[in-house]
Amino acid sequence: MTLPFRLQTLAMTMAFTAASPTLAQDAGGAETRPADLFSFQGDVIDLWTMEAALSMDTRPELTLPLFTAPEEMFSDEFLLWDAWPVRHRDGSIAMIDGRVILIALSAERGLFETEFSTRSQWRYWTRAAGEDWRYGGLVFPEGTALGSRQWAGSTVYDEETGRIHFFYAAVGELRGETPDDVVSHSPRHPGFGRPSTVQRVALASASVESGEDGLEFAAMSEHRVILEAEGGVYMTEEQYPADDVVYGMRDPWYFRHEGEDGRDCALFTANTNYLSGPANGVVGLGCAVDGIDGEWELREPILASDGVSAQLERPHLVRRGEDGLYLFFSSHGFLLPDAADKPAEGLFGFRAASGALEGPWLPLNGHGLVAGNPEAAPLQSYSYLVLPSLEVTSYLNEVPGLYVRFPRSEADWMGSPAPKFAISLDGDEAWVAGQRQEVDPLLVREVPR
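Under our numbering, the sequence shown has 1626 at position 290, and the numbering climbs by one with no breaks.
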């Protein structure tokens, strides 16, 4: 289908003289500078450049502390990886009837022939003050969601309607495929041996009610695709060159676009035809045309990787008042240039000092790295989500002590939420809170006596 794209007006300022410009008037008498008349249609997409990425360093303040295996699994039944809270439309964490909701990608623990991500389903847990996490069940009843599996997304609670909106990546054929179906790919293709990896952004909503197990979802709406790669700006699976990773059209993260009177929008990770080679990941943008339940349209990406990485995963925004707007995402070190000198997994960030979604976006610390795993445990955590409080959630992968506490037959990897850490921001600088020599007010650890 044909999808409209945003056209951004670019002002080309031409300094003909050093004197103050003469003001022109339009038919209505409004004054404007002559230079402002030299404006033309076009789009600007900020870049994560090779030069910036090559300057990346792994100094201590950008390195995470060591995470170790907890004494108990978060869930004995399920592996958990990408996870997020239900939020209000303003981005704050929602508390519904005194409880918060954690939604996570999950799969049954155990020995399976299929890889865990091919069995991915959304499950949820709730918690009230003074209680442990309480398992709620599947978010979507079996067979109702689009795709053979569902990958990461976001959820937003509308207090006015009492409904939760679920933005998710529908992976595989929309109907009729199972995780056991295998699509024919060449052995060199990252999708070899997997079911279809075609990805689309889908949306559904449900009411939320208090029940015996905490909170329950009811009156689930019809599931529908709202955004998909059109093959022009955003690459389709067929267009993406075979590489070490699967192409992207996933990780929809809802936000309200303050620059457009609170329009409902979503960021997502994708790849673009604007740039050649596999390392052409972008932070894509889609917006509702007329309300969250109506039609959605693709917009131009807000950030593109120029040869740096194929995956700018789980992009999300944090607004910090006069300091502007911050964009964060996760990426794998093996995808970066000079990978041996980069953390194996990392949280990366950019800042728009203007506070506008249109940018310009500049990499934090000059190169983009905010926090990376330590060399002692390069794969300890991944899939980072920065909350408005600057606390960061992620999941535990391969951590020290895993096989001391749990037999390999029970835990090939941890698959549990990681301990939270925090970051500090100061304009274009960012670091792991508490990892600088000076006392950091964001993270003061109590010393046991």
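We treat Cβ as the ideally placed atom computed from N, Cα and C, and that holds for glycine.
Check, Outcome
"DSSP three-state assignment for residue 1585, whether helix, strand or coil", "strand"
"Validate contact between the segment 1412 to 1426 and the segment 1754 to 1768 using beta carbons, cut 8 Å, 3 pairs", "no"
"Exposure of residue 1596, with buried meaning 16 or more beta-carbon neighbours within 10 Å", "exposed"
"Selection from 1376, 1548, 1534 that minimises the alpha carbon distance to residue 1575", "1534"
"Close-in-space but distant-in-sequence residues of the same chain around residue 1498 (CB under 8 Å, 5 per side omitted)", "1543, 1544"
"Span of the beta strand (DSSP E) around residue 1545", "1535 to 1547"
"Assumed close pair residue 1640, residue 1608 - CB separation to whole angstroms, cut-off 8 Å", "6 Å"
"Cβ-based neighbour list, residue 1475, same chain, cut-off 7 Å, excluding 5 preceding and 5 following", "1439, 1458, 1459, 1460, 1502, 1553"
"Status (buried if at least 16 other CB within 10 Å, exposed otherwise) for residue 1756", "exposed"
"Residues sharing a beta bridge with residue 1691, DSSP", "Looking at the DSSP assignment, residue 1691 forms no beta bridge with any residue, so it has no partner."
"Anticipated Cβ contact below 8 Å, residue 1390 with residue 1706, distance rounded", "So it is not a contact: roughly 17 Å between Cβ atoms."
"Whole-number beta carbon distance between residue 1561 and residue 1586, since they are thought to touch under 8 Å", "Rounded, the Cβ-Cβ distance is 13 Å, inconsistent with contact."
"Own chain partners of residue 1610 with C-beta closer than 6 Å, once the 5 adjacent residues on each side are dropped", "none"
"Where residue 1784 falls, given that 16 or more other Cβ within 10 Å makes a residue buried", "Model confidence at residue 1784 stands at a pLDDT of 39, short of 50, so the residue's coordinates are unreliable and nothing is read from them."
"Straight-line Cα distance separating residue 1684 from residue 1704", "5 Å"
"Assigned exposure category for residue 1395 - 16 Cβ within 10 Å defines buried", "exposed"
"Backbone CA spacing between residue 1738 and residue 1454 [nearest angstrom]", "24 Å"
"Sequence-distant residues of the same chain with beta carbon closer than 7 Å to residue 1414, five excluded per side", "1442, 1443, 1444, 1445, 1459"
"The segment 1656 to 1671 touching the segment 1402 to 1412, judged by at least three CB pairs closer than 8 Å", "no"
"Whole-Å CB distance - residue 1621 paired with residue 1635, under 8 Å assumed", "4 Å"
"For residue 1481 and residue 1505, believed in contact at Cβ under 8 Å, the rounded distance", "Contact flag wrong, Cβ pair sits at about 11 Å."
"Straight-line gap, residue 1437 to residue 1421 (C-alpha atoms, nearest Å)", "6 Å"
"Close-in-space but distant-in-sequence residues of the same chain around residue 1749 (CB under 7 Å, 5 per side omitted)", "1733, 1734"
"Residue(s) in a DSSP beta bridge with residue 1471", "1461"
"Per-residue DSSP class, three states only, for residue 1771", "coil"
"Cβ-based neighbour list, residue 1593, same chain, cut-off 6 Å, excluding 5 preceding and 5 following", "1599, 1601"
"Pairwise C-alpha distance: residue 1387 and residue 1551", "49 Å"
"CA nearest to the CA of residue 1689, picked from 1711, 1761, 1557", "1761"
"Status (buried if at least 16 other CB within 10 Å, exposed otherwise) for residue 1696", "exposed"
"Cβ-Cβ distance between residue 1665 and residue 1679 below 7 Å", "no"
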